[in-house]
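Below: one structure, written as structure tokens.
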Amino acid sequence: MPRLIKKSAKTRGLPPGAIVHIGEKKTEKVKISVIDYSIGKFDEKEVKNVEECFPYVKKPAVTWINVDGLHEVEVIEKLGKCFDIHPLVLEDIVNTDQRPKMEDFEKYIFFVLKMLYVNDKTQMIHSEQVSLILGRNFVISFQETVGDVFDVIRERIRKGKGRIRKMGADYLAYTLIDAIVDNYFIILEKTGERVENMEQDLVSNPVPETLQQIYNLKREMIYLRKSVWPLREVINGLLRKESKLIKNTTHIYLRDLYDHTIQVIDTIESFRDMISGMLDIYMSSVSNKMNEVMKVLTIFAAIFIPLTFIAGIYGMNFQNMPELSLPWAYPAVWIVIILVGVSLIIYFKRKKWI
Amino acid sequence: MPRLIKKSAKTRGLPPGAIVHIGEKKTEKVKISVIDYSIGKFDEKEVKNVEECFPYVKKPAVTWINVDGLHEVEVIEKLGKCFDIHPLVLEDIVNTDQRPKMEDFEKYIFFVLKMLYVNDKTQMIHSEQVSLILGRNFVISFQETVGDVFDVIRERIRKGKGRIRKMGADYLAYTLIDAIVDNYFIILEKTGERVENMEQDLVSNPVPETLQQIYNLKREMIYLRKSVWPLREVINGLLRKESKLIKNTTHIYLRDLYDHTIQVIDTIESFRDMISGMLDIYMSSVSNKMNEVMKVLTIFAAIFIPLTFIAGIYGMNFQNMPELSLPWAYPAVWIVIILVGVSLIIYFKRKKWI
Amino acid sequence: MPRLIKKSAKTRGLPPGAIVHIGEKKTEKVKISVIDYSIGKFDEKEVKNVEECFPYVKKPAVTWINVDGLHEVEVIEKLGKCFDIHPLVLEDIVNTDQRPKMEDFEKYIFFVLKMLYVNDKTQMIHSEQVSLILGRNFVISFQETVGDVFDVIRERIRKGKGRIRKMGADYLAYTLIDAIVDNYFIILEKTGERVENMEQDLVSNPVPETLQQIYNLKREMIYLRKSVWPLREVINGLLRKESKLIKNTTHIYLRDLYDHTIQVIDTIESFRDMISGMLDIYMSSVSNKMNEVMKVLTIFAAIFIPLTFIAGIYGMNFQNMPELSLPWAYPAVWIVIILVGVSLIIYFKRKKWI
Amino acid sequence: MPRLIKKSAKTRGLPPGAIVHIGEKKTEKVKISVIDYSIGKFDEKEVKNVEECFPYVKKPAVTWINVDGLHEVEVIEKLGKCFDIHPLVLEDIVNTDQRPKMEDFEKYIFFVLKMLYVNDKTQMIHSEQVSLILGRNFVISFQETVGDVFDVIRERIRKGKGRIRKMGADYLAYTLIDAIVDNYFIILEKTGERVENMEQDLVSNPVPETLQQIYNLKREMIYLRKSVWPLREVINGLLRKESKLIKNTTHIYLRDLYDHTIQVIDTIESFRDMISGMLDIYMSSVSNKMNEVMKVLTIFAAIFIPLTFIAGIYGMNFQNMPELSLPWAYPAVWIVIILVGVSLIIYFKRKKWI
Amino acid sequence: MPRLIKKSAKTRGLPPGAIVHIGEKKTEKVKISVIDYSIGKFDEKEVKNVEECFPYVKKPAVTWINVDGLHEVEVIEKLGKCFDIHPLVLEDIVNTDQRPKMEDFEKYIFFVLKMLYVNDKTQMIHSEQVSLILGRNFVISFQETVGDVFDVIRERIRKGKGRIRKMGADYLAYTLIDAIVDNYFIILEKTGERVENMEQDLVSNPVPETLQQIYNLKREMIYLRKSVWPLREVINGLLRKESKLIKNTTHIYLRDLYDHTIQVIDTIESFRDMISGMLDIYMSSVSNKMNEVMKVLTIFAAIFIPLTFIAGIYGMNFQNMPELSLPWAYPAVWIVIILVGVSLIIYFKRKKWI
């Protein structure tokens, strides 16, 4: 599970705008790919030197520059200089401990987003920071590792599927954010399955491990919430702001995206509610089980302790115990024992303990 | 119980606006019925081909097209093309995992709503997505299965009862939404009865199954809430928006509808409060029962263990035990035993354990 | 205790505006009384036929028509027609499951309110719906039964006490609402007493019945809250709206009324907080009591079980038990038993269990 | 502890504006004192008849009339008539169950505040209602008893300390409210000490009385909150309202006062949080203690019950028990007993129960 | 741990604006240092008399006056007079119990902030009040002790690193606040580590001390929250206010600062959520452990108490007990004992208690 806050001691004391990579180095080599397209045109290449991207700035076609790997700070600095990006933005891109946000710099809009995926082995949620810069005719995207979420979009551009080739850079940015939000639904589906499994366990066989699992789920929901809540403001801000970079035709798609975000948040809140309900159920069923244990103990103790006392009485060695010599005394004691035992059993049956 | 989130893996990677049906296929054949009416006129038919609906577009009378079954995507696409509906809307219609919402496209208003009904056998709440498109003189409604909630409205139009034939398409749309909201009250009534039954059980005979029932109720309330809360915004948005499609005379009906929605939400919140109170009561009464069990155990053990000890003493085989030969020793021990027993019983009576 | 939601199956499927009485029929005969007054004039009568009220409409004096009993729908329909009331309003008047609300129809303002009273026998809160229609120079009030809350106001008008005869219909409406809100304070006082009694019980003698009482209180607070919260909006709406029907001189009284409503709501919230605190205390004190029970058990068991074991040892019948023949063995065993017992008692004293 | 709601049956049924004293009669004689001051002038006297205050109305100097004791309604009525105060205001002054509030009547502003003090003996919080009327050049203050909170201000005016003599009536009103808010900090300090003491008790020695104390603290916080929260709106309203009675130079003092109020509210909320945390700790530590009790019981029972069984076996009187006659049987049984005991002790040590 | 509220009895009764130091005296001697810089110029000195700072007021370069130690009230009064600071501001500077806030006095803006640091020995969070006054070309900062957080900034100015020498006083103020907020992240990192350690303890070995630690964490979060929440408003207010003292170029830095503050608040809220989850887990695992203890007790008691009863039977001394003389009776009793014991063990295995 990712930590709620990353070690960022590296940046303490540095002036604002100092571009220092914070976070794990998740990939070996920084990989830069460029896609340049318009309705009739498509050009894709992987570049070695960041300088190769620069000529695209002035071309009218939509340019999408994707950078995988954030640890080579110089690459990002050069890109920043070429596209005239504010140093604070560059700082935010390489500091992977950002809160999702949107900032409008008039000439470009800057987005920070969290890509979430579930590690199939550990079943834990991991997160990766994705930053987007949307300019008049370009989108620059920054990822921590080589991801595959954007591959479908690349494919769609290549084949000219859908309306993506006909629309501008704003639509491309929307598509990228949409792909990230779409991915949240996968996380939620998996979480939903885990919740349902746990609900059944809770009923059929609650064990101490269930408690740990409930806590893990709760913790994940806290983490998810922290990653997704700010997205709401991001997209809402985009809808309200009258940015020249966002065309009117794209607005309807943003509204759709906003609906999806709200749906993700709603579902997280519902899961939180259900998890807290499960914890209550768990605690109650632990109490119920203890009740059952206590009943067993009480029944055994309450039946046999009095009987043992009766037997103890006639185990005493007094010389003057007239009962001992009566021939029917022993069977009589047995009858008494059976009567006491049976009446106690009836008593407990009446109390519905047996 | 319906899941909080549906499997929608089918749409991952598709471009926005791709029309793919998500959700169970609940009916075999798509059924399309058309009702066309004005004050003096009434025309109703069931159509085989969706194309038969198209001529109604230009007629001035109010046309209500109802589509039952969403899995035949082409039907919906054709309808969409004829009525000039945005692809994102069509996507939302066939994706039955939508959050209730309202979107104003100037030429038409699009609604997504959730129809809820209780399965009489399992006592569980199921939901079905209903989409409405309100145009200048038409309403198109989409349901997952052939439902009977709208039958009363059909009947009312046929017979010209009430003011429905005199009003426009906006009033028809209101009537349809009103029928859905009215249905929520039935759900709430049934839930109310279950809550009351459970309250009585809680007092008279709390059993572990009660716990499961409380959790189920809680879960259903989470689900209901998720379906109904957004409706508030939907109708409020409609009231505030100055849409040309909504006439002034309809506004008062919308205000009434808004009140009903608030009432549904209030009641859900009250049920949530009561259910959480019931859980507290349940947990306390489990503790109370354990207390009772412990008291029984303690009384038996505390009375008979000391007595058994006394009997044990005189069961010892020491040669030099002067008491053993005293003739009044045995009755004396009995007196001691009775005294100890009685004083312990008095002690527990004082403590109000007996 | 009143249900949170009433059975209203009767209205399902009816067109909006259908006037059907929902709720218990609480009175036998509908009773209509008319009071007509101005500074110098006072006229009061009870009418048999609703038609007798109609001439008052055009007179300039303030007319107060009070209707007790809602089940004779025709009476309300006739009144509605005469005073030109919208059918939806009439529907709301006879449907006694309304949420408190205020609606401004320009020519008149419509209020729905909840009158609450405590049944002296069952100590439970009951509610009755009161609807008011405030016109330019008339107020029509609808109650479910013949109530006595408005009697003081009637008396005040008769005697010309206070400023009521000098003010208009808006002041009369204010006075009626004020009487209802004043009544809430009586409920709160009674609830306050019950809360204080319960607090003392909780400390001196917590029993399982207390739990039931706490739950009942909690449930009542949920009910009260549901009835009173909307009132806040009602009166606030009245203050903000620039209705021609409300004169400026009445505004200060409405502000006072608003303060009272807020105070009622504040007190309900405080009670809720205290009740939830009481539940925590109850649960803790149940645990404390169990602790005490367990200590008694443990002390008895831990002292006598080892002693019984010692006695058991010398109850064995081995031939070769040299201790048995020693003359001082029996007193020695007694000394051991006393030493063990005393040291265990000291041990438990140290632990502060005794 | 003061009740959350006072008995106010006296006012039921009276017309609005009826001036009836509600609350305890806390002082014997109503005491009226007048202070009249400007930069160069100072005049102070205690008046017998309220009429003696009237000449001050027209003088330009600032006049502060302080009334201690609210039960002589005529005094307040006369004052009201002279200063032209609305009857509803007079009603609120003598009804000591008001919520803190501020009302602007253009010619004067009316404040209701709650003065809180801790009874040194019972350690309980008591409250007293203080009303202020701020006019163009006068302040009238009403207290339930002769208090000493305003004495410092009186002294300051007498000696001409600070800027009070140079400023107007609005600054005087601010000073009075500031004195009341300052007093809240004393309450909070005392509460803070109690919370800290309780925290230490909780750790070192949690007893059932602690529970009662936690509940009392919780209840007091509910009461404090109810008294202080509305103050926020009062002062905020004052800041926003452009009243001619408040000069610009006083605004900065009001902002400071607002900050203090927020700080009081923040601290109350933090205490509430801490108290709820303490309750959780208490409940957990009760469970921990029960665990400990159970362990002692289990250890004693689990060790000695099997041993007693072994002794019981050889206490049987069968004729044919070959072990009984073996000479080493008795020591062998002792060895078995010791082995069993020791291994059980080791078992419990492993479980960390000993 | 710092108290939630400080003893401030010293100021009770003093007029507003009375400058009295509240809080611990944390340093011996007040230390004043002055830094005066522009792009080309740098001047730094430590002054003995506060009067030495005064000449800097009129110079155009940016002047930063830092005062360490607040107990010499005259120093602060002289500074206040020279820079024309309102007495209420000076009062707030020396009263170290302020809530973080920002006040705009047109000629200068006044900030109160809380510097937090963790005591390395006790692991507790301590706080220190830092006040800033931002004027047209000067910043005056007040600290309780000689701190080292601002040293990096001093170094940056000395060396002309970053853009600090090129920017105005507003940027200097931003840098100081940024340094304080940056420090919060260190606190959060340390807290995060403690939370993670505790999570592992909770699973592997929950002990009563864990409870105390959870409570301490909870208390610290309450304290942190109280210190950091108001900061949000402070910086937001700064962003919204159109102060002439804040240049446009600084706005983007303030937005960045705002994001950081939100992130701190988000993380605190997440920690609060996790801590409350940990408490639930703790309580459940205590119940689980008690369950386990009870099972051990029940198994021992339920197996050996019946067996002891059987042995007790044949320890009775009746003369007429035919079984006693049967030669196979003793082995038969053993068989019965073993059968009973084994079947009870099987019973408990089935129940999964063993």
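Residue numbers (our numbering), protein chains in the order written: chain W, 17 to 370; chain R, 17 to 370; chain C, 17 to 370; chain G, 17 to 370; chain X, 17 to 370.
Quick reminder that beta carbons are idealized off the backbone N, C-alpha and C, glycines included.
None of the values given here were measured: they were computed from a predicted structure.
Minimum C-alpha distance to LEU254 of chain C - residue among C:CYS98, C:PHE316, C:TYR190, C:ILE351
As a working note, residue 254 of chain C is residue 238 in the third sequence. When the alpha-carbon of LEU254 of chain C is set against those of C:CYS98, C:PHE316, C:TYR190, C:ILE351, the nearest one is in C:TYR190.
Would you check if the distance between the CB atom of MET237 of chain X and the CB atom of MET310 of chain G is smaller than 7 Å?
The count along the fifth sequence starts at 1 and reaches residue 237 of chain X at position 221. The count along the fourth sequence starts at 1 and reaches residue 310 of chain G at position 294. In this structure, the beta-carbon distance from MET237 of chain X to MET310 of chain G does not fall below 7 Å.
Chain G partners of PHE325 of chain C, CB-CB under 7 Å?
Sequence index remark: in the third sequence, residue 325 of chain C carries index 309 (1-based). The contacting residues are PHE320, LEU323, THR324, ALA327.
Neighbour-count burial assignment, GLU371 of chain X, 16 or more Cβ in a 10 Å radius:
Examination of residue 371 of chain X is not possible in this model, given that chain X is present from 17 through 370 alone.
Could you tell me the distance, in whole angstroms, from the CA atom of PHE201 of chain R to the CA atom of ALA195 of chain R?
Position 185 of the second sequence holds residue 201 of chain R. Position 179 of the second sequence holds residue 195 of chain R. Near 10 Å, if we compare the C-alpha coordinates of ALA195 of chain R and PHE201 of chain R.
For THR314 of chain X, which residues in chain W fall below 7 Å Cβ to Cβ?
Your numbering for residue 314 of chain X matches position 298 in the fifth sequence. What THR314 of chain X touches in chain W: VAL309, VAL312, LEU313.
Just checking my contact of SER300 of chain G with TYR298 of chain X at CB under 8 Å: how many whole Å lie between their CB atoms?
On the fourth sequence, residue 300 of chain G is found 284 positions in, with the first residue counted as 1. On the fifth sequence, residue 298 of chain X is found 282 positions in, with the first residue counted as 1. In this structure SER300 of chain G is in contact with TYR298 of chain X, their Cβ atoms being roughly 6 Å apart against a cut-off of 8 Å.
In chain G, which residues lie less than 9 Å from TYR269 of chain C when you measure between Cβ atoms?
Locating residue 269 of chain C in the third sequence gives position 253, where the first residue counts as 1. Going along chain G in sequence order, the residues near TYR269 of chain C (Cβ under 9 Å) are PRO32, GLY33, LEU104.
Beta strand (DSSP E) runs wholly inside the region 25 to 75 of chain C, at least 3 long, in chain order
Fully enclosed beta strand (DSSP E) runs of 3 or longer: 47 to 53, 58 to 63.
Determine the closest residue to HIS102 of chain W out of X:LYS367, X:LEU360, X:THR324, X:ASP272, with distance taken between C-alpha atoms.
Here residue 102 of chain W corresponds to residue number 86 of the first sequence, with the count starting at 1. Nearest C-alpha to HIS102 of chain W: X:ASP272.
Distance between beta carbons of GLU93 of chain W and VAL46 of chain W, contact taken as under 8 Å
Translated into the one-based positions of the first sequence, residue 46 of chain W becomes position 30. Translated into the one-based positions of the first sequence, residue 93 of chain W becomes position 77. About 12 Å separates the two Cβ atoms, so there is no contact after all.
On the criterion of 16 or more Cβ atoms from any shown chain inside 10 Å, does PRO32 of chain G qualify as buried, or is it exposed?
Locating residue 32 of chain G in the fourth sequence gives position 16, counting from the first residue. PRO32 of chain G should be labelled buried.
At what residues does the alpha helix (DSSP H) containing SER286 of chain X begin and finish?
Sequence index remark: in the fifth sequence, residue 286 of chain X carries index 270 (1-based). 264 to 329 is the extent of the alpha helix (DSSP H) around SER286 of chain X.
Taking all protein chains shown into account, decide if SER286 of chain C is buried (16 or more other Cβ within 10 angstroms of its Cβ) or exposed.
Translated into the one-based positions of the third sequence, residue 286 of chain C becomes position 270. By the beta-carbon neighbour count (other beta carbons within 10 angstroms, threshold 16), SER286 of chain C is buried.
Can you tell me where the beta strand (DSSP E) holding GLN145 of chain X begins and where it ends?
Reading the fifth sequence from its first residue, position 129 is the one you call residue 145 of chain X. Per DSSP, GLN145 of chain X belongs to the beta strand (DSSP E) from 141 to 150.
Just to confirm, are ASP217 of chain R and THR226 of chain R a CB contact at a threshold of 7 Å?
To locate residue 217 of chain R, count along the second sequence from 1; it is residue 201. To locate residue 226 of chain R, count along the second sequence from 1; it is residue 210. Yes, Cβ-Cβ distance for ASP217 of chain R and THR226 of chain R is below 7 Å.
Out of C:GLU205, C:ILE230, C:PHE127, C:ASN153, which one is the CA nearest neighbour of GLU215 of chain C?
Indexing the third sequence from 1 puts residue 215 of chain C at position 199. If we check each option's Cα against that of GLU215 of chain C, C:ILE230 comes out closest.
If you compare alpha carbons, which of W:ARG248, W:PHE58, W:LYS137, W:CYS69 is closest to MET118 of chain W?
If you number the first sequence from 1, residue 118 of chain W lands on position 102. Nearest to MET118 of chain W by alpha-carbon distance, out of W:ARG248, W:PHE58, W:LYS137, W:CYS69, is W:ARG248.
So, under 8 Å CB-CB, GLN145 of chain X and VAL128 of chain X are touching, yes? Tell me the CB distance rounded to an integer number of Å.
Translated into the one-based positions of the fifth sequence, residue 145 of chain X becomes position 129. Translated into the one-based positions of the fifth sequence, residue 128 of chain X becomes position 112. About 7 Å separates the beta carbons of GLN145 of chain X and VAL128 of chain X, which is inside the 8 Å limit, making them a contact pair.
So what's LEU120 of chain X in DSSP terms, helix, strand or just coil?
What you label residue 120 of chain X is simply residue 104 of the fifth sequence in a count that begins at 1. Before going further, note that residue 120 of chain X is Asp rather than Leu in the sequence given. In this structure, ASP120 of chain X counts as strand in the three-state DSSP scheme.
By Cβ distance below 6 Å, which residues in the same chain neighbour ILE149 of chain C in space, the five residues on each side in sequence not counted?
As a position in the third sequence, residue 149 of chain C is number 133, starting the count at 1. Excluding residues within five positions, the ones whose Cβ falls inside 6 Å are TYR124, PHE126, ILE156.
According to DSSP, is VAL356 of chain R part of a helix, a strand, or is it coil?
Here the question's residue 356 of chain R lines up with position 340 in the second sequence. In this structure, VAL356 of chain R counts as helix in the three-state DSSP scheme.
Where do the N-terminal and C-terminal ends of the beta strand (DSSP E) with TRP80 of chain C fall, by residue?
Position 64 of the third sequence, counted from the start, is the residue given in the question as residue 80 of chain C. Where TRP80 of chain C is concerned, the enclosing beta strand (DSSP E) stretches over 78 to 84.
Any idea if GLU107 of chain X is buried or exposed, counting beta-carbon neighbours within 10 angstroms, 16 or more meaning buried?
Here residue 107 of chain X refers to the residue found at position 91 when the fifth sequence is read from its first residue. Classification for GLU107 of chain X: buried.
Quick test of the definition: if touching needs 3 or more C-beta pairs under 8 Å, does the region 73 to 83 of chain G touch the region 355 to 364 of chain C?
No: the two stretches stay apart, fewer than three of their Cβ pairs being nearer than 8 Å.
Please report how far the alpha carbon of ILE180 of chain C lies from the alpha carbon of ASN111 of chain G, in whole angstroms.
Numbered from 1 along the third sequence, position 164 holds the residue referred to as residue 180 of chain C. Numbered from 1 along the fourth sequence, position 95 holds the residue referred to as residue 111 of chain G. Taking the straight line joining both Cα atoms gives about 22 Å.
Going along chain W, which residues have a C-beta under 7 Å from ARG256 of chain X?
Within the fifth sequence, numbered from 1, the residue matching residue 256 of chain X stands at position 240. Under the 7 Å cutoff, chain W gives no residues; its nearest Cβ is about 15 Å from ARG256 of chain X.
Chain X contact residues for GLU285 of chain W, given Cβ-Cβ distances below 9 Å:
As a working mapping, residue 285 of chain W is identified with position 269 in the first sequence. Residues of chain X passing the Cβ test: none, with the nearest at roughly 13 Å.
Could you check whether ILE353 of chain G and ALA327 of chain X sit closer than 7 Å to each other, using their CB atoms as the reference points?
Along the fifth sequence, one-based indexing puts residue 327 of chain X at 311. Along the fourth sequence, one-based indexing puts residue 353 of chain G at 337. Judged by beta-carbon spacing, ILE353 of chain G lies beyond the 7 Å limit of ALA327 of chain X, meaning their Cβ atoms are not closer than that value.
Find the residues of chain R that neighbour LYS234 of chain C, judging by a C-beta separation of less than 7 Å, and give them in chain order.
As a first step, residue 234 of chain C is located in the third sequence; it is residue number 218 there, counting from the start. Correct list: GLY293.
How about ASP164 of chain G: is its C-beta nearer than 7 Å to some C-beta of chain X?
Taking the first residue of the fourth sequence as position 1, residue 164 of chain G is located at position 148. No - not a single Cβ of chain X is within 7 Å of the one on ASP164 of chain G.
Can you grab the Cα-Cα spacing for the pair VAL134 of chain G / ILE278 of chain C, in whole Å?
Counting from one through the fourth sequence, the residue named residue 134 of chain G turns up at place 118. Counting from one through the third sequence, the residue named residue 278 of chain C turns up at place 262. Going from the Cα of VAL134 of chain G to the Cα of ILE278 of chain C covers about 27 Å.
Given a cut-off of 7 Å, decide if ALA317 of chain X and ALA317 of chain G are closer than it, judged by their beta-carbon atoms.
Stepping through the fourth sequence from its first residue, residue 317 of chain G is reached at position 301. Stepping through the fifth sequence from its first residue, residue 317 of chain X is reached at position 301. Yes. Within cutoff.
Using three-state DSSP, classify SER259 of chain C as helix, strand or coil.
Against the third sequence, residue 259 of chain C aligns to sequence position 243. SER259 of chain C falls in the coil class under three-state DSSP.
For LEU132 of chain X, go through chain G and note every residue whose CB falls closer than 9 Å to its CB, in chain order.
Along the fifth sequence, one-based indexing puts residue 132 of chain X at 116. Neighbours of LEU132 of chain X on chain G: none; closest Cβ ~16 Å, over 9 Å.
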